[in-house]
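**Student:**
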Amino acid sequence: MTQTHTARLMDGAGPARRIVERSAARAAQITRETGTPPCLATVLVGDDPASVTYVRMKRARCEKAGIASRHVGLPATTTTAELVDAVTALSQDPGVHGILLQHPVGPHIDERAAFEAIAPGKDVDGLTLHSFGAMSFGLPGFASCTPGGIMRLLEEYDVELTGRHAVVVGRSAILGRPVGMMLLAGDATVTYCHSRTADLASIVRQADILVAAVGRPRFIRGEDVKPGAVVIDAGYNPGNVGDVDFETALTRASLITPVPGGVGPMTIAVLLEQTVQAAARQLGLESDEKAG
126 MTQTHTARLM
136 DGAGPARRIV
146 ERSAARAAQI
156 TRETGTPPCL
166 ATVLVGDDPA
176 SVTYVRMKRA
186 RCEKAGIASR
196 HVGLPATTTT
206 AELVDAVTAL
216 SQDPGVHGIL
226 LQHPVGPHID
236 ERAAFEAIAP
246 GKDVDGLTLH
256 SFGAMSFGLP
266 GFASCTPGGI
276 MRLLEEYDVE
286 LTGRHAVVVG
296 RSAILGRPVG
306 MMLLAGDATV
316 TYCHSRTADL
326 ASIVRQADIL
336 VAAVGRPRFI
346 RGEDVKPGAV
356 VIDAGYNPGN
366 VGDVDFETAL
376 TRASLITPVP
386 GGVGPMTIAV
396 LLEQTVQAAA
406 RQLGLESDEK
416 AG
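Heads up: the sequence shown at position 65 corresponds to 190 in the working numbering, and the numbers run straight through without jumps.
1. Across which residues does DSSP place A193 in a beta bridge pair?
2. Within its chain, find whatever has a CB closer than 8 Å to the CB of G364; leave out the 5 residues flanking it on each side and keep chain order.
3. Do V304 and P272 have their C-beta atoms within less than 8 Å of each other?
4. Let's test the definition: count the other Cβ atoms within 10 Å of the Cβ of D250 and tell me whether it reaches 16, buried, or not, exposed.
5. What does the alpha-carbon distance come out to for the pair L134 and G386?
6. Would you identify the three-state DSSP class for I155, choosing helix, strand or coil?
7. Is A238 helix, strand or coil when you go by DSSP?
8. Between which two residues does the beta strand (DSSP E) holding D248 run?
9. Use the C-beta contact count for R377: other C-beta atoms within 10 angstroms, 16 or more gives buried, fewer gives exposed.
10. Check whether the Cβ atoms of I234 and A166 lie closer than 8 Å to each other.
11. Based on Cα-Cα distance, which residue from P390, P352, T213 and K351 lies nearest to V168?
12. Is V350 near A323, with beta carbons less than 8 Å apart?
13. For the region 142-162 against the region 390-403, do three or more pairs of beta-carbon atoms, one drawn from each stretch, fall closer than 8 Å, so that the two count as touching?
14. Just list the residues that DSSP pairs N362 with in beta bridges.
15. Going along the chain, which residues of its own chain have a beta-carbon closer than 6 Å to the beta-carbon of R346, five neighbours each way excluded?
16. Grab the span of the beta strand (DSSP E) containing V293 for me, first residue to last.
17. For a test of the three-state rule: what should DSSP assign to A268, helix, strand or coil?
18. Counting only the same chain and skipping the five closest in sequence on each side, list residues whose C-beta sits under 7 Å from that of Q227.
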């Protein structure tokens, strides 16, 4: 690669739109056949501005896709027990088909306990231990939405995984860990890294496929990107900045996701798709084997 090279952008908006259109058509069919529209419940603890915006956006996308939404807003003082009770009630409510617990929920709450209160069949955000285990072993279940969106984006752009060295920078339960397992299932050779990895740059330079999910602006230097690599920037930081130094990486990668407009639209599209799948199963229109 020369300095005049410019990577091809992996636009997430187009593929996401097609996923949402198919999901909207399926939601309309479910509503016609059962008289019940698919319903996603969102749970928000506190009033963090970014979280409030994310939840509002997701509910608006649901409405456009013909998916009903129910919102449960809880005060910042909510305890773990109170949150678990609220999530459990939604899990037991037949009128709710999917549950989205917006995170973070606050440092005083046992977030994992709250996630585990979500019934596996309603875990459309793919964050319970059941979902992670099913995904890891290739069993039916729901994918974590951002990793699932990343995999769909790689498929959309015909990125070959078999035998490629994939480096994941980040180890969160909602992104880094599950996307590494999905890449492994696609026959890539996966290396997990994080902010404390020794000599991170030397490992990044080996990546045929690089997934940046560490949550730090421009943490990955563009000059460390292997020429011809596929770069998936799953970070989103203030100022519309990703985890990769985009301008420099653009001159080295073969494919790269923009921030915003790359991974983000795919995340929401997968969430809506999985909500519709969950509704179809719960309403007796789709078997478990077809879900996930």
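Note that CB positions come from ideal geometry on N, CA and C, so glycine has one too. Note that this is a predicted model, so its numbers are computed, not measured.
**Tutor:** According to the structure shown:
1. Paired residues: C164.
2. The residues are P342.
3. The Cβ-Cβ distance between V304 and P272 falls below 8 Å.
4. Around the beta carbon of D250, 16 or more other beta carbons sit within 10 angstroms, so the residue counts as buried.
5. L134 and G386: Cα-Cα distance of roughly 10 Å.
6. I155: helix per DSSP, three-state reduction.
7. Residue state, collapsed to three classes: helix.
8. Where D248 is concerned, there is no enclosing beta strand (DSSP E), given that its DSSP letter is neither H nor E.
9. Flag for R377 reads buried.
10. Contact: no.
11. Closest by alpha carbon: T213.
12. Against a cut-off of 8 Å, the Cβ pair of A323 and V350 comes out as no contact.
13. Touching, per the Cβ criterion.
14. The partner list for N362 (beta bridge, DSSP) reads V366.
15. Hits under 6 Å: D370.
16. Run containing V293: H290 to V294, per the beta strand (DSSP E) assignment.
17. Coil.
18. Around Q227: T167, V168, L169, S176, Y179 and V180.
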